[in-house]
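Taking it in order: structure first as structure tokens, then the write-up.
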DNA sequence: GTATTATTGCAACATAGTCGCAATAGTATT
DNA sequence: AATACTATTGCGACTATGTTGCAATAATAC
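Residue numbers (this note's numbering), protein chains in the order written: chain L, 67 to 191; chain D, 67 to 191.
Given below as structure tokens:
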């Protein structure tokens, strides 16, 4: 299954790049009207498979996607934390990696860590 | 809104107690047939509101619920990690709390951390 | 230019969870 | 024990998010 370069993929990639935060499928459809729902989902899934983006599961179960900026190609891990603001609902990646230690005999494959709270613009004084 | 003690709540609480792991709505309906879907959801939500249980969001967006064993009543926090096995799909609570440091001006309200991988019985040798 | 097959759009589907409403059943008061 | 109050339940319908099968289209290699 070789990947092909298509306008749809480039548009979605451009949106992901332009956005500092992690974005949901909804955010993308708000900016693109000429690409089918299913296609967007398929492209996002493909990006995740290919290590171009990573997926974050929000508190409500919704998926968010962010470009893998800090991920080395050789060592692809995502054990950094994410933050979602309860007010403005934006999702950010936090830089700092967290240390995960597992019990004997356990093996890690992926980590999804999400903090919910209020960001610096939405936090009550 | 005062809470009332009902057979439905007691049954679900009993299941949560009997289960060592965090369980999904599905697991409950497999063990109870005479309680309505919607009722189970409502009771689980109520348990979360009341601090009796906490909610874990799995990789696929599904909700899991676990009794709050280690949570002090006064200081109710859930910044411990959870683990879901990709093979047997069970969800466990890990004891160790993790340290979360936020950027200036941010406030935390909740944390949901899930490790995906293979548990000690399912891990490949 | 042609053949191959990845990608797309469409529609239908799947699943998880929620909500409004009327009926039922805890709880407190008398 | 009967009554009033209202939390809870069951039912059905609904919403939202994401997936899938299939035929048509288009990117790539030759």
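From the three backbone atoms N, C-alpha and C, an ideal C-beta is built for every residue, glycine too.
Quick check on residue i - is its C-beta less than 8 Å from some C-beta in chain L?
i: residue 115 of chain D; result: no
i: residue 110 of chain D; result: no
i: residue 104 of chain D; result: no
i: residue 76 of chain D; result: no
i: residue 131 of chain D; result: no
Any idea if residue i is buried or exposed, counting beta-carbon neighbours within 10 angstroms, 16 or more meaning buried?
i: residue 154 of chain L; result: exposed
i: residue 90 of chain D; result: buried
i: residue 179 of chain D; result: buried
i: residue 93 of chain L; result: buried
i: residue 172 of chain L; result: buried
i: residue 119 of chain D; result: buried
i: residue 132 of chain L; result: buried
Nearest chain D C-beta to residue i closer than 8 Å, yes or no?
i: residue 173 of chain L; result: yes
i: residue 169 of chain L; result: yes
i: residue 134 of chain L; result: no
i: residue 185 of chain L; result: yes
i: residue 189 of chain L; result: yes
i: residue 125 of chain L; result: yes
i: residue 122 of chain L; result: no
Please state whether the Cβ-Cβ distance between residue i and residue j is less than 8 Å.
i: residue 125 of chain L; j: residue 146 of chain L; result: no
i: residue 105 of chain D; j: residue 84 of chain D; result: no
i: residue 151 of chain D; j: residue 185 of chain D; result: yes
i: residue 177 of chain D; j: residue 181 of chain L; result: yes
i: residue 77 of chain D; j: residue 101 of chain D; result: yes
I'd like the list of long-range same chain contacts for residue i, defined as Cβ closer than 6 Å, with 5 residues on each side in sequence excluded.
i: residue 156 of chain D; result: 87
What does a CB cutoff of less than 7 Å around residue i pick up in its chain, not counting 5 residues either side in sequence?
i: residue 96 of chain D; result: none
Within its chain, find whatever has a CB closer than 8 Å to the CB of residue i; leave out the 5 residues flanking it on each side and keep chain order.
i: residue 190 of chain L; result: 184
May I ask you to list, following chain order, the residues of the region 76-95 of chain L that have a beta carbon less than 9 Å from some beta carbon of chain D? Cβ contacts with chain D come from no residue of the region 76-95 of chain L.
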